[in-house]
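Counting from 1126, one number per residue, gives the positions in the sequence shown under the working numbering. Using N, Cα and C, we set each Cβ at its ideal position, and we do this for glycine too.
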Amino acid sequence: MSLDSDRLDAVTARPRSAPLRSEEYEDLFDQAPVIFAALSGPQHLLEAANPAFFEAIGGDRGRTGVPLGELIPELAAQGVLDRLDTVYRTGTAHRARAGRLVLGAPGAQREGFFDFTYEPRRDAVGRVDGVVVIAVETTSYHHAQLLAAEQRVLLERIARDAPLSEILTGMALAIEELSPDMIVSVLLADADGRHLRHGTGPSLPSFYNAAIDGVATGPRVGSCGTAAYLRAPVIVTDIATDPLWEDYRELAEQAGVAACWSTPIMGANGRLLGTFAMYHRTPKAPDAKDVTLSSAFARIASLAIERHQAKEAGRAAQDREKEAREDLAFVLDASTAITREPHFTDCLQRLARLTVPTLAPLCTVHVLEDGRTRRIAVAATTRSDEDLLAFPAVGDRVDEAVARVLASGGTETDHSGARGAGAGIPGTTGYVCVPLATRGRTFGVLTLLATGRPLDGHIVALAEELASRTAVSADNAHQFSDRVQLARELQAGLLPPELPRIPGLELAASYHPAGEGLDVGGDFYDVFPLPGDRWAVMIGDVCGRGASAATTTGMVRHTARAAARLLDDPAAVVRAINDALTGSSVGADHFVSLVYGELLPSTSPLTLELLRAGHVPPLVRRTDGTVEQLAQSGLLLGVGPEFDGSPCRVELHPGDSLVLVTDGITEARSPDGDFFDEHRLTDALLSSSSPCAAGLIAAVNAAVTAFAGPSTPDDQAALVLTAV
């Protein structure tokens, strides 16, 4: 507030009688909010003062005519009297801004901030005879500035995502600095709003903070629990007598607090976030400043808590998303690896290995076969974990759980670690048994056993998902194995069980099915005796694969065996085969390539008559290191009603070999798409270090594998006859 300078100069410079001065002072300052006091003499007697002065120092000290140091003794220790002495002695005015004074007797003190002016007052001859004190109290402004500064600091911490504990503790310390007689505490509400957790309370004893951590909200739970329950401020001016503190009175006494005002911290959506409490060590009611602080910092606490919760929710969402991606990757990678296993047992053993240690330190897989349960796989992180299964008490409990799951078809879990020793399976902290089921049938059980951290619902869910996928893969592998075995058995039925012993000849043969061997192939060979010491030799290839091709192969072999016993002419036998093919609906969609020959009896050198019906040309490897190709050929069998072909005669001297192969060998392709062809077949025969039948077979197979790889899209059959 500004004053008229002329009137102020008149007051401080012109000599007047004391009554006149007092009247003038009253006229000037009585109704002004500015603090005014006129002091006279070196003792600074209070000559006159306005109501604002007495209100500032305490209304109970409203006297004049006494020294200022006697009226307000606390000023001496704060240097006020020394400054008045200096002004009185030197005649030089003193001005101070935001000077801090603590006014009042001990126990009833208050802090104030003032802008001061100490002006010397002169008599008629210009001598200083007193001091005029003019002041404006700036306490509210000062507090507002401090409050704004502290709020700015806290908001900056919130903006840079400082830890919530750092923000709340900083806020509590800032308030306690603004109001030194105050103790601040913040409690945080659980998600359901039914309990309060420790947030901060830097000036409260640690035992007190620990005691109220987790306190329930309710209608008579101190100041904070009640404020959280009512969603409204609760003011307790005297803890010792207030019924809300009945259950916590002794705790408060131990902590040295006597009053507590609590304000609920509410979120923008009306949700309870926590409580903001102000404690005092003596019974006390809040004043306007306390209400302002409570309101301002409750809003800041709300902002900090909501931002923290939003960050935590975002972080939790990211963690869940990451966990979900990791779970999905684990399940996909594991199920892919399991699917690659072509055999039933291998699938389940891979399942056991993949679950350890990702899901549990110990895993077993049991299957039900022919009415009996057997353990098909075990995997463990350490040898000691695996050794657990050797104990009868453990193995028997696992077997019992497996039997229950096989019977019920549902998952069985146990968390024995949570119930104490003696429950569940000894030596473990829990287990989960998950059924392996497909097509409505439970055929096995995946068991995970924990020896440390108990299994949780997340592990159980992953185990169930992986077991579900594995069950399908294992069932497919089982069917695959059955089909392969069936195909092998059927194929074996289309080939001679073993090659016969023929005087003067050494025989060797090989057969490699295409791909995984799931279907019966159309390639075949046969050597069988005929009347008159003759022998029939043949190799052929039925177009196509599967049951129909197998049926055609069987018909060709059986027709050849039957016709050759009745007919002496190889050409007649081949015509009989062609008639059978063209006259039967079984082979209507199949044509056959064939080499058929008969070994003539008692000939030297050994002599064969061969017919070729659209088949790969036979080769003869001579002892002189040459290879001959027999080029005569007739039409494929089963194409037309007539077969037009004539036999050729082949003589085998000792060491000579007749080599018969199917087109699965000559048409095997390299990665570049080139055929193996007859030229590479010839090279393989010539490069063989062993000229015997078995050696030539081995050389051919090795050359084809090196050229085209171990798996080819067509069956491969070879038959070699070597004269000895």
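Pick from the options that is closest to residue i, judged by C-alpha positions
{"i": "Pro-1358", "options": "Ala-1688, Ser-1420, Leu-1561", "result": "Ser-1420"}
{"i": "Cys-1349", "options": "Glu-1375, Pro-1327, Cys-1385, Thr-1325", "result": "Cys-1385"}
{"i": "Val-1775", "options": "Gly-1834, Gly-1216, Gln-1754", "result": "Gln-1754"}
{"i": "Leu-1852", "options": "Ala-1485, Ala-1592, Val-1212", "result": "What is shown of the chain runs 1126 to 1849, which leaves residue 1852 out entirely."}
{"i": "Tyr-1243", "options": "Glu-1236, Ala-1230, Ser-1290, His-1169", "result": "His-1169"}
{"i": "Leu-1312", "options": "Thr-1325, Gly-1318, Arg-1319, Gly-1204", "result": "Thr-1325"}
{"i": "Val-1456", "options": "Ile-1584, Leu-1321, Phe-1653", "result": "Ile-1584"}
{"i": "Pro-1628", "options": "Pro-1730, Arg-1406, Ala-1833", "result": "Pro-1730"}
{"i": "Thr-1538", "options": "Pro-1368, Asp-1317, Gly-1582, Pro-1517", "result": "Gly-1582"}
{"i": "Arg-1737", "options": "Arg-1208, Leu-1760, Glu-1262, Phe-1161", "result": "Leu-1760"}
{"i": "Gly-1085", "options": "Met-1391, Gly-1381, Ala-1260, Asp-1367", "result": "Nothing about residue 1085 can be reported from this structure: the residues present for the chain run from 1126 to 1849 only."}
{"i": "Glu-1236", "options": "Ala-1230, Pro-1245, Leu-1226", "result": "Leu-1226"}
{"i": "Leu-1691", "options": "Tyr-1650, Pro-1192, Leu-1655", "result": "Leu-1655"}
{"i": "Val-1652", "options": "Glu-1631, Asp-1524, Val-1261, Pro-1638", "result": "Glu-1631"}
{"i": "Gly-1648", "options": "Val-1825, Leu-1844, Ser-1709, Ala-1442", "result": "Before going further, note that residue 1648 is Asp rather than Gly in the sequence given. Here the closest residue by C-alpha is Leu-1844."}
{"i": "Val-1159", "options": "Phe-1239, Arg-1186, Asp-1207, Ala-1316", "result": "Phe-1239"}
{"i": "Asp-1306", "options": "Asp-1415, Val-1519, Ser-1635", "result": "Asp-1415"}
{"i": "Ala-1202", "options": "Tyr-1213, Phe-1422, Gly-1229, Val-1212", "result": "Gly-1229"}
{"i": "Val-1205", "options": "Ala-1687, Gly-1194, Val-1481", "result": "Gly-1194"}
Rounded straight-line distance, which links the Cα of residue j to that of residue i
{"i": "Asp-1575", "j": "Ala-1341", "result": "Note on residue identity: the sequence assigns Ala, not Asp, to residue 1575. Cα to Cα, the separation comes out at about 35 Å."}
{"i": "Ala-1377", "j": "Ser-1165", "result": "51 Å"}
{"i": "Asp-1512", "j": "Ser-1533", "result": "29 Å"}
{"i": "Glu-1301", "j": "Ala-1287", "result": "21 Å"}
{"i": "Thr-1837", "j": "Gly-1789", "result": "8 Å"}
{"i": "Leu-1200", "j": "Ile-1430", "result": "44 Å"}
{"i": "Ile-1702", "j": "Gln-1757", "result": "19 Å"}
{"i": "His-1320", "j": "Ala-1314", "result": "6 Å"}
{"i": "Ala-1462", "j": "Ala-1284", "result": "48 Å"}
{"i": "Asp-1248", "j": "Asp-1254", "result": "6 Å"}
{"i": "Glu-1281", "j": "Met-1296", "result": "12 Å"}
{"i": "Phe-1801", "j": "Val-1784", "result": "16 Å"}
{"i": "Gly-1763", "j": "Ser-1812", "result": "37 Å"}
{"i": "Thr-1684", "j": "Val-1698", "result": "8 Å"}
{"i": "Asp-1521", "j": "Val-1527", "result": "10 Å"}
{"i": "Tyr-1266", "j": "Ala-1223", "result": "10 Å"}
{"i": "His-1323", "j": "Gly-1439", "result": "23 Å"}
{"i": "Arg-1345", "j": "Tyr-1373", "result": "10 Å"}
Span of the alpha helix (DSSP H), counted from its first residue to its last, around residue i
{"i": "Cys-1668", "result": "Run containing Cys-1668: none; DSSP gives neither H nor E here."}
{"i": "Asp-1210", "result": "1205–1215"}
{"i": "Cys-1349", "result": "1347–1355"}
{"i": "Pro-1408", "result": "First-last for Pro-1408: undefined, no H or E at that position."}
{"i": "His-1433", "result": "1413–1465"}
{"i": "Ile-1292", "result": "1289–1303"}
{"i": "Val-1784", "result": "It is not in any alpha helix (DSSP H) - Val-1784 instead sits in the beta strand (DSSP E) that spans 1782–1786."}
{"i": "Ser-1709", "result": "No alpha helix (DSSP H) contains Ser-1709, which DSSP labels as neither H nor E."}
Contacts around residue i, its chain only, beta-carbon distance under 6 Å, and the 5 residues preceding and following it disregarded
{"i": "Glu-1873", "result": "Since the displayed the chain opens at 1126 and closes at 1849, residue 1873 lies outside it and no answer follows."}
{"i": "Ala-1410", "result": "Thr-1362"}
Residue i - containing beta strand (DSSP E), residue span
{"i": "Cys-1773", "result": "1773–1777"}
{"i": "Arg-1246", "result": "1235–1247"}
{"i": "Asp-1254", "result": "1253–1262"}
{"i": "Thr-1538", "result": "1537–1539"}
{"i": "Tyr-1556", "result": "1555–1563"}
{"i": "Cys-1488", "result": "1487–1494"}
{"i": "His-1637", "result": "1630–1637"}
{"i": "Pro-1654", "result": "1648–1655"}
Same chain, Cβ closer than 7 Å to residue i, neighbours up to 5 away in sequence not counted
{"i": "Gly-1542", "result": "The predicted position of Gly-1542 is uncertain, since its pLDDT is 40 and thus under 50; a value taken from the coordinates is nonetheless stated next. Excluding positions up to five away in sequence, the list reads Thr-1554, Gly-1555, Pro-1579."}
{"i": "Cys-1472", "result": "Ile-1463, Glu-1466, Thr-1595, Ser-1598, Ala-1599, Ala-1602"}
{"i": "Arg-1529", "result": "Glu-1537"}
{"i": "Arg-1700", "result": "Phe-1768"}
{"i": "Phe-1469", "result": "Ala-1599, Ala-1602, His-1603, Ser-1606"}
{"i": "Gly-1712", "result": "Bear in mind that a pLDDT of 49 at Gly-1712, under 50, signals an unreliable position, so the number given afterwards is only what the model happens to contain. Answer for Gly-1712: Thr-1677, Met-1680, Leu-1706, Gly-1763, listed in chain order."}
{"i": "Ser-1718", "result": "Gly-1665, Asp-1666, Ala-1738, Gly-1739, His-1740, Leu-1761"}
Close Cβ partners of residue i (< 8 Å) along its chain, the five nearest in sequence each way excluded
{"i": "Leu-1329", "result": "Ile-1308, Ser-1310, Ala-1380, Val-1382, Tyr-1404"}
{"i": "Thr-1748", "result": "His-1778, Pro-1779, Gly-1780, Asp-1781, Pro-1816"}
{"i": "Val-1191", "result": "Leu-1170, Leu-1171"}
{"i": "Ala-1546", "result": "Note on Ala-1546: pLDDT 36, under 50, position unreliable in the model; the coordinate value appears next. Same-chain partners within the cutoff: there are none."}
Residue-chain proximity (residue i, chain D), Cβ-Cβ < 9 Å
{"i": "Ala-1402", "result": "Absent here is chain D; the protein component of the structure consists of one chain."}
Evaluate the contact criterion for the region 1506–1524 versus the region 1585–1602: three or more CB pairs, one atom per stretch, below 8 Å. no
Does the contact criterion of 3 or more C-beta pairs under 8 Å hold for the region 1801–1821 versus the region 1740–1747? yes
Could you say if the region 1789–1802 and the region 1668–1679 meet the contact criterion of at least three C-beta pairs nearer than 8 Å? no
When you compare the region 1270–1286 with the region 1361–1368, are there three or more beta-carbon pairs, one atom per stretch, that lie closer than 8 Å? no
Using 8 Å as the cut-off, can you tell me whether the region 1391–1402 makes contact with the region 1429–1444, which would need three or more C-beta pairs spanning the two stretches below that distance? yes
Any contact of the region 1560–1573 with the region 1480–1496, i.e. 3+ C-beta pairs under 8 Å? yes
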